[in-house]
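Worksheet: the structure to be examined is printed underneath.
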Amino acid sequence: MGLKCTCQQAHTPQTIREVMVEMRQVYPNAGVREMISLLFHEKGMAVSRNIMREYFALYEPELIHQRKARCLLRHRFWAAGVNDIWAVDQHDKWKRFDLALHTGVEPFSGKILWMKVWHSNQNPQLILTYYLEAVKKLGFAPLVTQSDPGTENFGIANAHTVLRQWHDEALSILERGIASDWFDPDNFLHIAVFCWLFIPWLQAELEAYCDRINHTTKHHDRKKALPHGIPELVFTSPEDFGALDFKVVTIDPIALDHVQELYMNPSHPVFDLVPESIDIVLDDIYAMLGRPAITWLSIWDVYLDLLHQIQDSLSQSDNPLQLSLDDDALPLLENQADLPFQEDADGYYYMGGVGRGLGMHGADLQRLDEMDADDEAAIQLIEVGSDAVVARFSDEDNDDIDDD
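Quick look at the structure:
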């Protein structure tokens, strides 16, 4: 990539100050580890953990105290391996902006499978497209897909946490529009212009966020069993982390097409970003403006330019914008039994699909034993010399646990 290493760049808290002030407008709650990752991926800056800690202590000491004071009570659940469960969840706190978030996470590896923003997250046809897109892209499916039944959240907490964190970072940008009286969620044209401009841009930001999270080592959690590592590596090579992969392989594309034909109507209005007549006008206006670049800092200016131009082109309408119409509930298949959701003596819930919901059995445990035996045999063949590098497993405590 042509980037200099951390030592070569030789940053100090003072040299990163200007960029940090800019980045904190977008990511006001990011901690040490996340800001290091953000600076690297978005600015090409390699900053050491010690320098970032010094920066926070020097310029943002109050945030350190706030972060240490926060506590999160988590439900506990476990998965048997990669693709045992896909957890999906939605986020409705952007409803006043006519925006809805939805995500899918593979909780064992921590890989984000999808994050979607649209003007609805209730229509089952729309949600089905997210799942089928992931299955088509990967070529396999999980044993179980877990969604929030409206009561207790277990594996869903993983998906919800991802949504909540990203939501917190972007909320301040969105709220500028309402605070400045630029955006009225009850106004037909305001909603149309907002959705047309913000949804594609936010989706691109979400995809960049997913890529960054999926390729960054997660914060060490002493309460979490192995594996700890880069989510993408755990997801694609679970055997390297002493884990099993329970994916349902060889998904037939014809079968996926059949599911789409059976349960989805491609012409449903929920799949339209905005009504076609509005889309054509906005695209023409955007071209007339020179298709300006969209950034966190410029998007509201572009929105206002589009809004003023379309107000001159169209008369105001008292009719609400019909973006999703009915949710069109899909009937569940009959004669399906609930999984048992086993709870062990330590209070951990198993909500996966291995062993028909009962967890790993003899054959699975034997596979794990064989993997352990292979690892031990390989270790015995290594002649440890003065230049050998010995890596410890991440179930051992390290000193990174306070780097939120």
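The sequence shown lines up with residues 39 to 442 when you count with our numbering. Glycine included, C-beta positions come from ideal geometry on N, C-alpha and C.
Assigned secondary structure, residue i (DSSP; H/G/I helix, E/B strand, else coil)
| i | result |
| --- | --- |
| A138 | strand |
| W220 | coil |
| W132 | coil |
| K154 | strand |
| D283 | strand |
| E144 | strand |
| I323 | helix |
| P276 | helix |
| T53 | coil |
| S315 | helix |
| K174 | helix |
| L240 | helix |
| F310 | Correcting the residue type first, residue 310 is Asp in the shown sequence and not Phe. In this structure, D310 counts as coil in the three-state DSSP scheme. |
| E100 | helix |
| M73 | helix |
| D303 | Correcting the residue identity first, residue 303 is Asn in this sequence and not Asp. Residue state, collapsed to three classes: coil. |
| L335 | coil |
| N88 | helix |
Span separating the alpha-carbon of residue i from that of residue j
| i | j | result |
| --- | --- | --- |
| S446 | L244 | No statement about residue 446 is possible, as the shown extent of the chain runs from 39 to 442 and does not include it. |
| D326 | P291 | Rather than Asp, the amino acid found at residue 326 in this sequence is Met. C-alpha separation (whole angstroms): 42 Å. |
| M73 | I251 | 12 Å |
| L311 | G142 | 21 Å |
| F78 | P66 | 17 Å |
| L274 | Q52 | It is Thr, not Leu, that sits at residue 274 in the sequence shown. Computed Cα separation, rounded: 40 Å. |
| A118 | T183 | 14 Å |
| L137 | Y324 | 21 Å |
| S86 | D317 | 46 Å |
| Q47 | W234 | 40 Å |
| Q128 | P180 | 19 Å |
| P238 | D321 | 13 Å |
| H296 | N225 | 40 Å |
| H306 | H346 | 30 Å |
| L335 | R55 | 18 Å |
| G280 | V272 | 10 Å |
| K285 | L151 | 14 Å |
| S185 | H253 | 25 Å |
| F178 | A125 | 15 Å |
| I417 | L282 | The predicted position of I417 is uncertain, since its pLDDT is 39 and thus under 50; a value taken from the coordinates is nonetheless stated next. Whole-angstrom Cα-Cα distance: 20 Å. |
| A84 | M90 | 10 Å |
| V70 | L170 | 36 Å |
| F236 | Y97 | 32 Å |
| K154 | A242 | 10 Å |
| V64 | F94 | 16 Å |
| D130 | A401 | 42 Å |
Per-residue burial, residue i [other beta carbons within 10 Å of its own, 16 or more giving buried]
| i | result |
| --- | --- |
| F431 | With a pLDDT of 34 at F431, under the threshold of 50, the modelled position of that residue is not reliable, and no figure is offered here. |
| D350 | exposed |
| N88 | exposed |
| E213 | exposed |
| E314 | exposed |
| S218 | exposed |
| V59 | exposed |
| L100 | Before going on, a small fix: residue 100 reads as Glu here, not Leu. When all chains shown are included, E100 counts as exposed. |
| I216 | exposed |
| T50 | exposed |
| H140 | buried |
| G148 | buried |
| D222 | exposed |
| H266 | buried |
| A293 | exposed |
| H157 | buried |
| L240 | buried |
| D249 | exposed |
| V340 | buried |
| A331 | exposed |
| A68 | buried |
Beta bridge counterpart(s) of residue i as assigned by DSSP
| i | result |
| --- | --- |
| M83 | M83 pairs with nothing; no bridge assigned. |
| Q184 | A125 |
| A179 | V286 |
| V120 | D283 |
| K149 | E144 |
Best match in the options for proximity to residue i [C-alpha to C-alpha]
| i | options | result |
| --- | --- | --- |
| P304 | A217, V286, F273 and N161 | N161 |
| I165 | D339, Y301 and I211 | Y301 |
| D343 | Y93, G69, V231 and T141 | V231 |
| E299 | K149, V64 and T167 | T167 |
| W220 | G142, I337 and T333 | I337 |
| E277 | G82, A293, E100 and V120 | V120 |
| H228 | P180, R134 and C248 | R134 |
| Y247 | E56, Q63, E80 and L209 | E80 |
| V173 | V64, E144, S210 and P330 | E144 |
| V319 | D339, I348, P330 and G328 | I348 |
| F146 | D249, K131, A68 and I268 | I268 |
| F309 | P330, I332 and N159 | N159 |
Chain B contact for residue i (CB, 8 Å cutoff)
| i | result |
| --- | --- |
| P51 | Looking for chain B here will not work: only one protein chain is present. |
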